[in-house]
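Converting from the sequence shown to the working numbering requires adding 759 to each position, the first position being numbered 1.
Beta carbons: idealized from backbone N, C-alpha and C, even for Gly.
Structure, as structure tokens:
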Amino acid sequence: MQQALTEAVFYILLSLTEPLHGYGIIQKTEELSNGRVRLAAGTLYGALNTLLEKKWIHALPEDPASRRKDYILTEAGKTVLEEEIHRLHELLDNGMRILGGLSK
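Here is the structure:
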């Protein structure tokens, strides 16, 4: 079993279920998190390098016209994301069982 993902890494992986370039990942992450997670470029590219090393994402060939590099989730990355979602469900289920519901 792997360690829990940071919220930023979770949203980066989730955003890469479709090919996206760096700025697109920043926008998608902010959108998915309702503005809670805002990635700086340095943070993003550090995370992307780590995710590439772990083979959780793959860099697509660079588009010569735009000179941007797109990334996509790999099968290994999808498995990691699914395991994290399962872990989060377990946390929520246990909290709901013990607290009996949520108040807003």
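Short Cβ contact (8 Å threshold) for residue i with residue j
i: tyrosine 770; j: leucine 803; result: no
i: glutamate 777; j: valine 796; result: no
i: isoleucine 816; j: leucine 851; result: no
i: glutamate 842; j: glutamine 761; result: yes
i: leucine 921; j: leucine 832; result: As shown, the chain starts at 760 and ends at 863. That puts residue 921 outside it, with no answer to give.
Residue i, enclosing beta strand (DSSP E) - first and last residue
i: alanine 799; result: Run containing alanine 799: none; DSSP gives neither H nor E here.
Residue i in three-state terms, based on DSSP
i: alanine 818; result: strand
i: leucine 850; result: helix
i: arginine 795; result: coil
i: arginine 856; result: helix
Residues sharing a beta bridge with residue i, DSSP
i: tyrosine 782; result: DSSP output for tyrosine 782 lists no bridge partner at all.
i: arginine 827; result: Asp822
Host alpha helix (DSSP H) of residue i (start-end)
i: leucine 772; result: 766-774
Whole-angstrom distance between residue j and residue i, CA atom to CA atom
i: threonine 838; j: leucine 858; result: 30 Å
i: serine 825; j: histidine 848; result: 40 Å
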